[in-house]
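In this note's numbering, the protein residues as written are 46 to 267.
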């Protein structure tokens, strides 16, 4: 039985599908403002850039935190998880799903918008200025984990993966994908994130993860 990989992803897909093209344009405008102005993002500034009224922003997104939440979700929605057979996936489909996830995630974090968004979130962390750090965590990293864990669990049930805890396995995979890329980007470095490099990095991270947690490793240890 082929199914969506998680209730979280279904919810996120539904939320994105509810957005009108006009609302997507507004979220893109908010992302561009974050790149250009950092933490000077205001409802008034977004309204001016998107050529809409503040009343429309408040109607659609509630308040600034609501707009930021929608903006982060819109950006994170670009990291997709290829569904696998929840009953018994094969190694090829599992590998494809992991590589696709890694590839999308690397593309997203290396974009100007994600770098700017994360820089602002870090600068606000612990300051009490807003909830951006929490918003980025909940709708970024934690939501991304919730999307991939069902794939990992399906791989475990099929006897393709060996691990005790899905969260720990996810963190291992996440670390293999990210390496030092995100911190270098946040500090202004550009670690050669070309399309070809991203493809290679995603494939390498998947191979390394399967070497660590693939069923073949457990069999060799017996």
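Backbone N, C-alpha and C define an ideal beta-carbon position, used for all residues, glycine too.
- Shown here for residue 157: same chain residues with a beta carbon closer than 7 Å to its own, the five before and five after excluded, namely 80 in chain order.
- Rounded to the nearest angstrom, the Cβ distance from residue 246 to residue 151 is 6 Å, consistent with a contact under 8 Å.
- Taking a C-beta distance under 8 Å as the contact criterion, residue 205 and residue 139 qualify as a contact pair.
- With contact defined as three or more Cβ pairs closer than 8 Å, the segment 108-115 and the segment 200-216 are not in contact.
- Counting C-beta pairs with one atom in each stretch, the segment 169-183 and the segment 236-244 have fewer than three that are closer than 8 Å, which means they do not touch.
- Per the coordinates, the alpha-carbon of residue 85 lies some 26 Å from the alpha-carbon of residue 187.
- Per the C-alpha coordinates, the member of 147, 221, 234 and 105 positioned closest to residue 121 is 147.
- For residue 227, same chain residues with a beta-carbon under 7 Å away, outside a window of 5 residues either side, are 154 in chain order.
- Per DSSP, the beta-bridge partners of residue 259 are 206.
- Residue 184 is positioned such that its CB atom lies closer than 8 Å to that of residue 118.
- Residue 193 and residue 143 have their C-alpha atoms roughly 8 Å apart.
- The criterion of a C-beta distance shorter than 8 Å is satisfied by residue 99 and residue 92.
- For residue 161, same chain residues with a beta-carbon under 7 Å away, outside a window of 5 residues either side, are 79, 80 and 83 in chain order.
- For the pair residue 95 and residue 74, the CB atoms are nearer than the 8 Å cut-off.
- The Cβ atoms of residue 125 and residue 149 sit closer than 8 Å to each other.
- Under the 10 Å beta carbon count, residue 107 is surrounded by fewer than 16 other beta carbons and is classified as exposed.
- Counting only the Cα atoms, residue 201 lies some 14 Å from residue 256.
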